[in-house]
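There are 2 protein chains.
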Amino acid sequence: MKKATFYHAGCPVCVNAEQELLNLIDTSKVQVEIVHLGERTEKISNAENEGVKSVPALVLDNGNVLHINHGATLKEVKG
Amino acid sequence: MKKATFYHAGCPVCVNAEQELLNLIDTSKVQVEIVHLGERTEKISNAENEGVKSVPALVLDNGNVLHINHGATLKEVKG
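Chains as they are written, first to last, in the working numbering: chain A, 40 to 118; chain B, 40 to 118.
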């Protein structure tokens, strides 16, 4: 089972991307953890270390980061 | 069967995104057409009309566009 983390911040662009992605992804092959960085601010540094620049973003277990559309920068999420 | 179109221009960011996406997508539910806009320039106007601003991008059959990372703007693709 592959793993992926979807980081978002509750913004409309994020919610839209989340819905679309979860509809596309083969959940029998990939387990997606969804992390709301607005609610779990302790995870912002994880996201940063993993290479996330903006949300929404999907981090794959091979280290690749897919930034999907543009909701907010991590800086904006930190506030 | 849902349909989606993946537009790219052969750039490294595009190739990477394509590989990652195709690994994630449930191909039993979604049929993905891959269009190389560098080779099929007649498709650039389609992409533009569908709301694609940069490549790589995935256009879904509900009209939503997911811009994934950033390889090149459509303007750059036109050259």
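Glycine is no exception: its CB is placed at the ideal position from the N, C-alpha and C atoms.
Along the length of the segment 51–103 of chain A, whole alpha helix (DSSP H) runs at least 4 residues long occupy 51–63, 83–88, reported in chain order. The C-beta distance from Asn108 of chain B to Val52 of chain B rounds to 5 angstroms, short enough to fall under 8 angstroms. The beta carbon of Val98 of chain A lies closer than 6 angstroms to those of Thr44, Glu89, Val104 in the same chain, with the five residues before and after it left out.
Nearest CB-CB separation between Lys114 of chain B and chain A: not below the 9 angstroms threshold. Of all alpha-carbon atoms in B:Ala48, B:Gly118, B:Lys42, B:Glu115, the one lying nearest the alpha-carbon of Glu78 of chain B is that of B:Ala48. For the set B:Lys41, B:Met40, B:Lys117, the Cα lying nearest the Cα of Asn85 of chain B is the one of B:Lys117. At least one CB of chain A lies nearer than 9 angstroms to the CB of Ala56 of chain B. Considering only beta carbons, the part of the segment 96–108 of chain B lying closer than 7 angstroms to chain A consists of Leu99, Asn103, Leu105, His106, Ile107, Asn108, in chain order. Among the residues facing chain B, Ala111 of chain A is not included, as its CB has no counterpart in that chain under 9 angstroms away.
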